[in-house]
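Novice: Shown below is the structure under consideration.
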Amino acid sequence: MRYEILPHTADGKFRAYGATLEDAFANAALATASLMWDWAKIEPRIERSIDVRGRDREQLLVKFLGEIVYLFDTERFMLSGVKDLEIEEASVIRDPQGEADVPDHLSEAGARLRLTARFLGDALSDRSEIHGGVKAVTYNEMKIECCAGAAKAGYVIQVVVDM
Amino acid sequence: MELRKISDIVWEIPRQGEMKVPALIYSSERLLKDIRNDLTLTQARNVACLPGIQLFSYVMPDAHQGYGFPIGGVAAFDLDSGIISPGGVGYDINCGVRLLRSDFREQDITAKRKELLAEIFKEVPAGVGKGGVTKLSRGVLRDILVKGAEWAVENGYGTAEDLDRTEERGRMRDAACDHVSDRAMERGAPQLGTLGSGNHFLEFQKVDRIFDAEVARAFGIDAEGQVTVMIHCGSRGLGHQVATDYIEIMENKAGTEGLPDRELVNAPFKSEIGQRYYKSMCAAVNYAFANRQMIAHWVRDVFKKVLGRSTGMSMVYDVCHNVAKVERHTVGGVEKTVCIHRKGATRSFGPGRSEIPAAYRAVGQPVIIPGSMGTASYILAGTREAEERSFSSTAHGAGRVMSRHEAVRRFRGEQIRDDLARRGIELKSTNWKGVAEEASAAYKDVEEVVRVSHEAGLGRLVARVVPIGVMKG
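Protein sequence lines correspond, in order, to chains B and W.
Sequential numbering of the first sequence, starting at 490, is according to our numbering.
Sequential numbering of the second sequence, starting at 172, is according to our numbering.
Here you go:
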């Protein structure tokens, strides 16, 4: 199982699974998309490069999943799959100069983690079916766990998104 | 959690551990059952631990679990020793409600209600992924963020009188867009003048009961059967992104260690980051005011087109549900300026407050409380007592009790539409699953919420309105 949607009073909640942290992140992306559209029905016609940084895994996850919301709001991009997801750890990753997608005021971070990936998907059209809107990715009840309990065989990620 | 009962509708979590003040809960036994089922009380206790909090961490009768602060959470902070927190405002900054009155009676629109709804659907973009009518340039968007509903009126959407009847006159003067990120601007640019999705809606209603004729008259509500229009929406992706950005900026600055919940991250109100967030939040508030102003204008256009006139369709009021503000309050005989956070709560200024329109100064501001889809909504009036009891705040809606997931499992959107049709209520939506999610059974009983508000003196009952036509995103 890649992910499961869980009950939550006001919003969207899911658990995503993966043998590696990278797999679990990619499945969390599909879970997020599944709250808005059926990603399996979207043709992978367009590709977008993702490059986000975070001070810890939780912030990296919020920013990574936030890319799905951002790309949908600004480009009507509907995610169908995630490829080549890599998470890199360094003592300090400096924000590269002149990279337009990293707002200036976020560069104070001194981020420790960097995630790169390719998003596959298609643009919204008249034929697209949408069944929900994700406003924001939250830290509420967020868990990223490894190798214990339900996560014995790998990673489990739990996320609540604001809808 | 151990609650001390103060009365049938007031409860306290006594100060303990790290709490700087106790928490005060306005709720009935019945509403408490739901509140105890989720993390509302824990979140209220967490809020009570924040620096500079004044008197109590308050919980309104419609409260449910939120992020950081509960939804229905109210907290006032000292300007010098206190904080400002994006989690205390919420993601949908200035999600709010606007109510228009009219001279129409139910019978004037009964035959035309399908047509009205169809036309509104054409004029007001709604639903996930639906863009606005105009693609805004960065310059125009900056203007909107600074001037709010004033920008809309200057550009032909509505009248100056509308501004008088809007909280903050539709413009928070502390707004600045220098620290609103490019991403927030990019998300906001295509969405101005759109309703959005989730619990947002637009309703044609009729007044079905008047509790206080004198106050109702002051609000422009004259008779049962009178038609009103309610618009419920917010700052769309722009506000969501401002919240997301500043949660990140604040945690990068202050770290997350020691926070019981990461979304309680905050900054001292007067710090540079605190002020950047506050001014950016005000900009998002203004975007939402402009948004509702444009939608109200289109509603009048549609009434004029379908019914031949839109005279008398003036505003009752426009209220914010998710906001932080600097307000002056006299509590316990002491006058003090505070930064008040209302997250899923409505300001309820009573008679005499200079911030409310002259026409309402003798009776208190209108408080508009939308019910769940297809049920009643309420018009209340702010009270003097609310200042002492909740820093002039009351409930904001019904509040969910059932998950969207569970609602979709139990209900079908088309079935809800047919049930409503049998009760004479027209429903139109872009998304039947979304309709199922908003089934009224997934919400608390709004009647009980407003009863507690009334009895606690936070906001007094004035009138009840019920839907005739509902448009959902």
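All C-beta atoms in this analysis are idealised placements derived from N, C-alpha and C, irrespective of residue type, glycine included.
Short of 6 angstroms in beta carbon distance, which residues of its chain neighbour W:Tyr449, apart from the five on each side in sequence? Order them along the chain.
Specialist: The residue given as residue 449 of chain W occupies position 278 in the second sequence. Around W:Tyr449: Ile255.
Novice: Is DSSP giving B:Met490 helix, strand or coil here?
Specialist: Within the first sequence, numbered from 1, the residue matching residue 490 of chain B stands at position 1. Coil, per DSSP.
Novice: Assuming W:Ile444 contacts W:Gly364 under a Cβ cut-off of 8 angstroms, what Cβ separation, rounded to an integer in Å, is found between them?
Specialist: As a working mapping, residue 444 of chain W is identified with position 273 in the second sequence. As a working mapping, residue 364 of chain W is identified with position 193 in the second sequence. About 31 angstroms separates the two Cβ atoms, so there is no contact after all.
Novice: List the residues of chain W that B:Tyr559 touches, going by C-beta distances under 7 angstroms, in chain order.
Specialist: By one-based count along the first sequence, residue 559 of chain B stands at place 70. What B:Tyr559 touches in chain W: Arg354, Arg358.
Novice: I want to know whether the stretch 635–644 of chain W touches the stretch 540–559 of chain W - three or more CB-CB distances under 8 angstroms.
Specialist: Touching, yes, given that three or more Cβ pairs across the two stretches are closer than 8 angstroms.
Novice: Is it the case that the Cβ atoms of W:Arg518 and W:Lys496 are separated by a distance below 9 angstroms?
Specialist: For the purposes of this step, residue 518 of chain W is identified with residue 347 of the second sequence, where counting begins at 1. For the purposes of this step, residue 496 of chain W is identified with residue 325 of the second sequence, where counting begins at 1. In this structure, W:Lys496 lies closer than 9 angstroms to W:Arg518 by Cβ.
Novice: For W:Leu288, collect the residues of the same chain with a Cβ closer than 7 angstroms to its Cβ; drop the 5 residues on either side in sequence, then sort them by chain order.
Specialist: Position 117 of the second sequence, counting from 1, holds the residue named residue 288 of chain W. Same-chain partners within the cutoff: Glu597, Lys599, Gly640, Met642.
Novice: Less than 9 angstroms between the C-beta atoms of W:Arg342 and W:Glu325, yes or no?
Specialist: Stepping through the second sequence from its first residue, residue 342 of chain W is reached at position 171. Stepping through the second sequence from its first residue, residue 325 of chain W is reached at position 154. No, the Cβ-Cβ distance between W:Arg342 and W:Glu325 is not below 9 angstroms.
Novice: Assuming W:Arg207 and W:Ile184 make a contact with CB atoms under 8 angstroms, what is their CB distance in whole Å?
Specialist: Working through the second sequence from its first residue, we reach residue 207 of chain W at position 36. Working through the second sequence from its first residue, we reach residue 184 of chain W at position 13. Rounded, the Cβ-Cβ distance is 12 angstroms, inconsistent with contact.
Novice: In this structure, what does DSSP give as the bridge partners for B:Glu577?
Specialist: Sequence index remark: in the first sequence, residue 577 of chain B carries index 88 (1-based). Beta-bridge pairing links B:Glu577 to B:Arg603.
Novice: Going by other Cβ atoms of all chains shown within 10 Å of its Cβ, with 16 needed for buried, is B:Ser538 buried or exposed?
Specialist: As a first step, residue 538 of chain B must be located in the first sequence, where it is residue number 49. Exposed, because fewer than 16 other Cβ atoms sit within 10 Å of the Cβ of B:Ser538.
Novice: Between the stretch 562–574 of chain B and chain W, which residues of the former have a C-beta closer than 7 angstroms to a C-beta of the latter?
Specialist: Within the stretch 562–574 of chain B, the qualifying residues are Asp562, Thr563, Arg565.
Novice: Looking only at C-alpha atoms, which of W:Thr554, W:Glu608, W:Ala592, W:Arg186 sits nearest to W:Glu577?
Specialist: For the purposes of this step, residue 577 of chain W is identified with residue 406 of the second sequence, where counting begins at 1. It is W:Glu608 whose Cα lies nearest to the Cα of W:Glu577.
Novice: Quick test of your reading: B:Arg544 and B:Ala600, contact by CB under 8 angstroms. State the CB separation rounded to the nearest angstrom.
Specialist: The residue labelled residue 544 of chain B in the question sits at position 55 within the first sequence. The residue labelled residue 600 of chain B in the question sits at position 111 within the first sequence. The Cβ separation is near 6 angstroms, so the contact holds.
Novice: Check distances from the C-beta atoms of the stretch 428–461 of chain W to those of chain B and list, in chain order, the residues that come in under 7 angstroms.
Specialist: Within the stretch 428–461 of chain W, the qualifying residues are Arg433, Glu434.
Novice: Give a yes or no on whether 9 angstroms exceeds the smallest Cβ distance from B:Lys502 to chain W.
Specialist: Your numbering for residue 502 of chain B matches position 13 in the first sequence. With 9 angstroms as the cut-off, B:Lys502 counts as an interface residue toward chain W.
Novice: For W:Arg447, which residues of its own chain have a beta-carbon under 6 angstroms away from its beta-carbon, when the five flanking residues on both sides are left out?
Specialist: As a first step, residue 447 of chain W must be located in the second sequence, where it is residue number 276. Here the set comprises His350.
Novice: Quick test of your reading: W:Arg560 and W:Ala516, contact by CB under 8 angstroms. State the CB separation rounded to the nearest angstrom.
Specialist: Translated into positions along the second sequence, residue 560 of chain W becomes position 389. Translated into positions along the second sequence, residue 516 of chain W becomes position 345. No, W:Arg560 and W:Ala516 are not in contact; Cβ-Cβ is about 13 angstroms, not under 8 angstroms.
Novice: Strictly by DSSP, which residues pair up with W:Met401?
Specialist: Counting from 1 along the second sequence, the entry for residue 401 of chain W is found at position 230. According to DSSP, W:Met401 bridges with W:Leu270, W:Glu374.
Novice: Check whether the stretch 568–580 of chain B touches the stretch 607–622 of chain B, taking contact to mean three or more Cβ pairs, one atom from each stretch, closer than 8 angstroms.
Specialist: Yes: the two stretches touch, three or more of their Cβ pairs being nearer than 8 angstroms.
Novice: Please report whether the beta-carbon of B:Arg544 lies at a distance below 9 angstroms from any beta-carbon of chain W.
Specialist: Stepping through the first sequence from its first residue, residue 544 of chain B is reached at position 55. Yes, B:Arg544 lies at the interface with chain W (some Cβ there is under 9 angstroms from its Cβ).
Novice: Between W:Arg575 and W:Ala610, what straight-line distance do the alpha-carbon atoms span, to the nearest angstrom?
Specialist: As a working mapping, residue 575 of chain W is identified with position 404 in the second sequence. As a working mapping, residue 610 of chain W is identified with position 439 in the second sequence. Taking the straight line joining both Cα atoms gives about 9 angstroms.
Novice: Could you tell me whether the Cβ atoms of W:Tyr133 and W:Val245 are closer together than 9 angstroms?
Specialist: Residue 133 of chain W is absent from the model: chain W starts at 172 and stops at 644.
Novice: Is it the case that the stretch 619–637 of chain B contacts the stretch 551–563 of chain B, given that we only count it when at least three CB pairs across the two stretches are under 8 angstroms?
Specialist: Because the criterion of three Cβ pairs below 8 angstroms is met, the stretch 551–563 of chain B and the stretch 619–637 of chain B touch.
Novice: If you drop the 5 nearest sequence neighbours on each side, which residues of the same chain put their C-beta closer than 6 angstroms to that of W:Val317?
Specialist: The count along the second sequence starts at 1 and reaches residue 317 of chain W at position 146. Ala346.
Novice: Beta strand (DSSP E) containing W:Cys510: first to last residue?
Specialist: On the second sequence, residue 510 of chain W is found 339 positions in, with the first residue counted as 1. Note, W:Cys510: beta strand (DSSP E), 505–514.
Novice: Does the beta-carbon of W:Glu277 have 16 or more other beta-carbons within 10 angstroms, so that it is buried, or is it exposed?
Specialist: Along the second sequence, read from residue 1 onward, the residue named residue 277 of chain W stands at position 106. Per the 10 Å Cβ criterion, buried.
Novice: With a floor of 4 residues, list each alpha helix (DSSP H) that falls wholly inside the stretch 276–300 of chain W, ordered by position along the chain.
Specialist: With a minimum length of 4 residues, the continuous alpha helix (DSSP H) runs that stay inside the stretch 276–300 of chain W are 277–280, 284–294.
Novice: Hey, how far is the Cα of W:Pro541 from the Cα of W:Asp205?
Specialist: Here residue 541 of chain W refers to the residue found at position 370 of the second sequence. Here residue 205 of chain W refers to the residue found at position 34 of the second sequence. About 19 angstroms.
Novice: Could you tell me if the beta carbon of W:Ala194 falls within a distance shorter than 8 angstroms of some heavy atom in the ligand FAD?
Specialist: Of ligands this structure carries none, so the ligand FAD is not represented either.
Novice: What residue range is occupied by the uninterrupted alpha helix (DSSP H) comprising W:Ser228?
Specialist: Position 57 of the second sequence holds residue 228 of chain W. No alpha helix (DSSP H) contains W:Ser228, which is instead part of the beta strand (DSSP E) from 228–235.
Novice: Answer with yes or no whether the minimum CB distance from W:Thr415 to chain B is below 9 angstroms.
Specialist: In the second sequence, counting from the first residue as 1, residue 415 of chain W sits at position 244. Yes, W:Thr415 lies at the interface with chain B (some Cβ there is under 9 angstroms from its Cβ).
Novice: Helix or strand or just coil, what does DSSP make of W:Met642?
Specialist: Against the second sequence, residue 642 of chain W aligns to sequence position 471. Here W:Met642 sits in strand by DSSP.
Novice: Can you pull out the residues from the stretch 218–245 of chain W whose beta carbon lies closer than 9 angstroms to at least one beta carbon of chain B?
Specialist: Against chain B - using a Cβ distance shorter than 9 angstroms - the residues of the stretch 218–245 of chain W are His235, Gln236, Gly237, Tyr238, Gly239, Ile242.
Novice: Which residue wins for smallest C-alpha separation from B:Ala604, given the options B:Arg546, B:Thr563, B:Gln647, B:Arg534?
Specialist: Translated into the one-based positions of the first sequence, residue 604 of chain B becomes position 115. One point to set straight first is that residue 604 of chain B is Leu, not Ala, in the sequence displayed. It is B:Arg546 whose Cα lies nearest to the Cα of B:Leu604.
Novice: Specify whether the stretch 229–240 of chain W and the stretch 192–200 of chain W touch according to this definition: at least 3 beta carbon pairs, one from each stretch, less than 8 angstroms apart.
Specialist: The stretch 229–240 of chain W is in contact with the stretch 192–200 of chain W.
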